[in-house]
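> Have a look at the structure that comes next, please.
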């Protein structure tokens, strides 16, 4: 451990002792979740500081009806689906994109929306549908892809819009009032786009401390230390310990791209339901790139397994180990709920790193199937 | 769980993830191969089979197929992989390689220039490994939109006298050694595939390990177990060792050799470097008293210059692989469950 990290960890320990009560902070970012487990930070965080994973994994919050739509599109003739890799295993009503690919559907894994545009240029006989998934981190890339497709005259390019906005989800959680939270560890990547000031309403309207932090252990522990300090002073302030990367106003170019191509819309969140203005849809000038409209797909109802508690997991109401399916019918090999699919999903992280264990202490939670 | 939910997830076809080398691959082998094909030589499912050919002699026999995309990448190509992979499977079983076979499946349309380069690379790697290609076969198939070339190599080797290798020999107190930097191969392939040009020195580590292993065994160190951590990475090897030996393993992240480039590349792709494939590295378990001897023998060899003691075997219960992280935390290391998918953001 570096001396700096040791100082931060000790400072966090001291302030947690002084605090003298249990506090619950939510990290709203899958990358934070994974970094926390992968670096074994549980062992460095005092027991009275609870870190709750929020709805911060874009794969996990994609509604089943959108997965079903993607599978339906994939089975159509002359359609090619371009998707980020971690969408492949998400279970829909019947199968997943991965099993559709085994059945013969043309599904390509891409790491950028612009690659999907290139595929459209190379395969003029097919319609390339890009699964536009992710928070504000990936949405600007989708916007750029749509603009590029238009400029290149690629009418065989379309997007299945599933993008989500982070702040409305945080507000919805607080509005629902079921999740008891003492503050938010705000995401690094998303904040580079939307800017730290985007969390101002959470601080001012809901009086919840917000600290923007990066993904290195020192950043995360520093973020938690700031949250604990605010809790002990009963303050609610907006702090940013990731100033090297995240500015107050965010990335203006990316924001302009999003404004040009998208409009805010209500959006269905897996297991959370419809959240007002929490999604993005194509603006009228770009609506012809919308895959749902172009193919006349009727979005069905979600048919989530009633025993699956992913919805409560991403609201921080239960921990993965409390779900009856966890490691018992729902594993990364055959996930029931989306939180088990993405490597950044809370359940997958619990499964892989054996729960919130500080090493072997709590090892039996995840078990290993 | 209702029946509809079960049937909605299970495919009756082979999926790509079945080839990932994780739990899904094991399931495929256990459900579809072993019930029909099994015998004492196959049963341990090791990197190769030990086949006795007389009262005091055995040969080691192994085979592997190569379907990598792209065919050529920084630090190697499919040909170099096909030689090194099979030589290494023989070497970690304690065998001295005697000869390789080469099966070549080409798609119509494969560029002859590419073929020539790959064959030249096969020849170079075989010379490096000091093992001849003694038999072979070629087939051409219709164009199917793949990269156009698949290879299979099988290898035969003589079991070195004196080496006794097996997880049953592993015991508490033994030390775990890595022969060098981890994760270079897998990250090279993935970054080329992802079109992410790391402005860097990231190259595949593909190399034949037989000579390094000769040097190690000549050092007189009591080597109890060896593996080359390919698919599934060092995590897969350690988890497997833990399962088979019944002992715990504690490793120290700060001691694990890894280049800063590889560490950053893994972070960008959202991958755990412990689960990423290597093609020229060795994980071995050595008696504690012999650790210095083994490290010196490795470091004196060009392929082991950065060899390091990364952990030890303990009798902590239950048997687990535990990582002490660089940040000072602790976590459990598990076998990856299948093909690792790069994350969204």
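Residue numbers (the numbering used here), protein chains in the order written: chain A, 34 to 402; chain B, 5 to 349.
Just so you know, even glycine gets a beta-carbon here, dropped at the ideal spot from N, CA and C.
Could you name the residues that DSSP lists as bridge partners for residue 29 of chain B?
Here residue 29 of chain B refers to the residue found at position 25 when the second chain is read from its first residue. BP columns for residue 29 of chain B are empty, so no partner.
> Whole angstroms is fine: what's the gap from residue 299 of chain B's alpha carbon to residue 327 of chain B's?
By one-based count along the second chain, residue 299 of chain B stands at place 295. By one-based count along the second chain, residue 327 of chain B stands at place 323. Answer to the nearest angstrom: the Cα atoms are 21 Å apart.
> Per DSSP, residue 376 of chain A forms a beta bridge with which residues?
For the purposes of this step, residue 376 of chain A is taken as residue 343 along the first chain, with counting starting at 1. Paired residue(s): none; residue 376 of chain A is not in a bridge.
> Please list the terminal residues of the continuous alpha helix (DSSP H) segment that includes residue 345 of chain A.
As a first step, residue 345 of chain A is located in the first chain; it is residue number 312 there, counting from the start. 343–347 is the span of the alpha helix (DSSP H), which, as asked, contains residue 345 of chain A.
> If you follow the beta strand (DSSP E) that residue 157 of chain B is in, where does it begin and where does it stop?
Against the second chain, residue 157 of chain B aligns to sequence position 153. Residues 153–163.
> Could you pull out every unbroken alpha helix (DSSP H) segment of at least 4 residues lying fully inside the region 204–288 of chain A, listed in chain order?
221–227, 233–237, 250–265
> Should residue 281 of chain B be flagged as near chain A, meaning a C-beta pair shorter than 8 Å?
For this step, residue 281 of chain B is matched to residue 277 along the second chain. Cβ-Cβ to chain A under 8 Å: no for residue 281 of chain B.
> Under the three-state reduction of DSSP, which class applies to residue 141 of chain B: helix, strand or coil?
As a position in the second chain, residue 141 of chain B is number 137, starting the count at 1. Three-state result, residue 141 of chain B: strand.
> List in chain order: all unbroken alpha helix (DSSP H) runs of 4+ residues lying wholly within the region 202–234 of chain B.
214–222
> Rounding to the nearest angstrom, what Cα-Cα distance links residue 239 of chain B and residue 131 of chain A in this structure?
Working through the second chain from its first residue, we reach residue 239 of chain B at position 235. Working through the first chain from its first residue, we reach residue 131 of chain A at position 98. Those two C-alpha atoms are separated by around 25 Å.
> Closest by CA to residue 153 of chain B, which one among B:129, B:131, B:28, B:123?
Within the second chain, numbered from 1, the residue matching residue 153 of chain B stands at position 149. For the residues B:129, B:131, B:28, B:123, the minimum Cα distance to residue 153 of chain B belongs to B:123.
> Could you work out which residues of chain A lie near residue 276 of chain B, taking near to mean beta carbons separated by less than 8 Å?
Along the second chain, one-based indexing puts residue 276 of chain B at 272. Result: 71.
> Would you mind reading off the limits of the beta strand (DSSP E) that contains residue 248 of chain B?
One-based indexing of the second chain puts residue 248 of chain B at position 244. Here residue 248 of chain B belongs to no beta strand (DSSP E); instead the alpha helix (DSSP H) covers 237–249.
> On the DSSP bridge assignment, give the partners of residue 337 of chain B in chain order.
Residue 337 of chain B sits at position 333 when you count from the first residue of the second chain. B:325, per the DSSP bridge assignment.
> Taking residue 217 of chain A and residue 59 of chain A to be in contact with their CB atoms under 8 Å, please state how far apart those CB atoms are, rounded to whole angstroms.
For the purposes of this step, residue 217 of chain A is identified with residue 184 of the first chain, where counting begins at 1. For the purposes of this step, residue 59 of chain A is identified with residue 26 of the first chain, where counting begins at 1. Their Cβ separation, rounded to whole angstroms, is 5 Å, which keeps residue 217 of chain A and residue 59 of chain A in contact under 8 Å.
> Return the chain-ordered ranges of every alpha helix (DSSP H) run that is complete within the region 123–149 of chain A and spans a minimum of 4 residues.
For the alpha helix (DSSP H) assignment, the uninterrupted runs of no fewer than 4 residues enclosed by the region 123–149 of chain A are, from N- to C-terminal side, 130–135.
> Please name the residue, chosen from A:134, A:62, A:367, A:269, that lies closest to residue 91 of chain A on a Cα-to-Cα basis.
Residue 91 of chain A sits at position 58 when you count from the first residue of the first chain. Cα-wise, what sits closest to residue 91 of chain A is A:62.
> What residue range does the alpha helix (DSSP H) around residue 83 of chain B cover?
Working through the second chain from its first residue, we reach residue 83 of chain B at position 79. Run containing residue 83 of chain B: 82–96, per the alpha helix (DSSP H) assignment.
> Note the first and the last residue of the continuous beta strand (DSSP E) segment covering residue 297 of chain A.
Reading the first chain from its first residue, position 264 is the one you call residue 297 of chain A. 295–302 is the span of the beta strand (DSSP E), which, as asked, contains residue 297 of chain A.
> Which bits of chain B does residue 365 of chain A rub up against, with CB to CB less than 7 Å?
In the first chain, counting from the first residue as 1, residue 365 of chain A sits at position 332. What residue 365 of chain A touches in chain B, judged by beta-carbon distance under 7 Å, is 341, going in chain order.
> Determine contact between the region 83–91 of chain B and the region 34–44 of chain B, defined as no fewer than three beta-carbon pairs at a distance below 8 Å.
At 8 Å Cβ cutoff, the stretches do not touch.
> Check each candidate in A:157, A:114, A:314, A:259 and name the one with the smallest Cα separation from residue 189 of chain A.
Residue mapping note: residue 189 of chain A aligns to position 156 of the first chain, counting from 1. It is A:157.
> How many Å lie between residue 57 of chain B and residue 98 of chain B at the Cα?
As a working note, residue 57 of chain B is residue 53 in the second chain. As a working note, residue 98 of chain B is residue 94 in the second chain. The alpha-carbon atoms of residue 57 of chain B and residue 98 of chain B are separated by roughly 16 Å.
> Between residue 176 of chain B and residue 251 of chain B, is the Cβ-Cβ spacing less than 8 Å?
Position 172 of the second chain, counting from 1, holds the residue named residue 176 of chain B. Position 247 of the second chain, counting from 1, holds the residue named residue 251 of chain B. Cβ distance < 8 Å, so residue 176 of chain B and residue 251 of chain B count as in contact.
> Residue 224 of chain B: buried (16+ other C-beta within 10 angstroms of its C-beta) or exposed?
Mapped onto the second chain, residue 224 of chain B falls at position 220. Classification of residue 224 of chain B: exposed, given that the 10 Å Cβ count is below 16.
> Out of A:49, A:46, A:120, state which residue places its alpha-carbon closest to the alpha-carbon of residue 374 of chain A.
Taking the first residue of the first chain as position 1, residue 374 of chain A is located at position 341. Measuring from the Cα of residue 374 of chain A, the nearest candidate turns out to be A:120.
> Buried or exposed, going by whether 16 or more other CB atoms sit within 10 Å of the CB of residue 115 of chain B?
If you number the second chain from 1, residue 115 of chain B lands on position 111. Classification of residue 115 of chain B: exposed, given that the 10 Å Cβ count is below 16.
> Ends of the alpha helix (DSSP H) at residue 277 of chain B?
Here residue 277 of chain B is taken as the residue at index 273 of the second chain, counted from 1. Here residue 277 of chain B belongs to no alpha helix (DSSP H), and DSSP marks it neither H nor E.
> Residue 70 of chain A lies in the alpha helix (DSSP H); which residues open and close that run?
To locate residue 70 of chain A, count along the first chain from 1; it is residue 37. 63–71 is the span of the alpha helix (DSSP H), which, as asked, contains residue 70 of chain A.
> Out of curiosity, what's the CA-to-CA distance linking residue 291 of chain B and residue 163 of chain A?
Mapped onto the second chain, residue 291 of chain B falls at position 287. Mapped onto the first chain, residue 163 of chain A falls at position 130. Rounded to whole angstroms, residue 291 of chain B to residue 163 of chain A spans 54 Å at the Cα level.
> Would residue 315 of chain A count as contacting chain B if we go by Cβ distances under 8 Å?
Your numbering for residue 315 of chain A matches position 282 in the first chain. Taking a beta-carbon distance threshold of 8 Å, residue 315 of chain A does not count as an interface residue toward chain B.
> Please name the residue, chosen from A:238, A:75, A:57, that lies closest to residue 351 of chain A on a Cα-to-Cα basis.
Counting from 1 along the first chain, the entry for residue 351 of chain A is found at position 318. The shortest Cα separation from residue 351 of chain A among A:238, A:75, A:57 belongs to A:57.
> Residues in its own chain within less than 6 Å of residue 349 of chain B by CB, not counting five upstream and five downstream?
If you number the second chain from 1, residue 349 of chain B lands on position 345. With a pLDDT of 48 at residue 349 of chain B, under the threshold of 50, the modelled position of that residue is not reliable, and no figure is offered here.
> With DSSP as the reference, please indicate the residues paired to residue 41 of chain A in a beta bridge.
In the first chain, the residue the question calls residue 41 of chain A occupies position 8. Paired residues: none, contrary to the question.
> For residue 401 of chain A, I'd like the list of residues in its chain whose CB is within less than 6 Å of its CB, leaving aside the five on either flank, ordered along the chain.
Within the first chain, the letter at position 368 stands for residue 401 of chain A. Note that residue 401 of chain A has pLDDT 32, beneath the 50 cutoff, so the model's placement of it is unreliable and the number below is only indicative. Once the five neighbours on either side are set aside, residue 401 of chain A has no close Cβ partner at all.
> Around the C-beta of residue 321 of chain A, are 16 or more other C-beta atoms found within 10 angstroms, so that it is buried, or is it exposed?
Taking the first chain and counting its residues from 1, one reaches residue 321 of chain A at position 288. Exposed: under 16 other Cβ atoms inside 10 Å.
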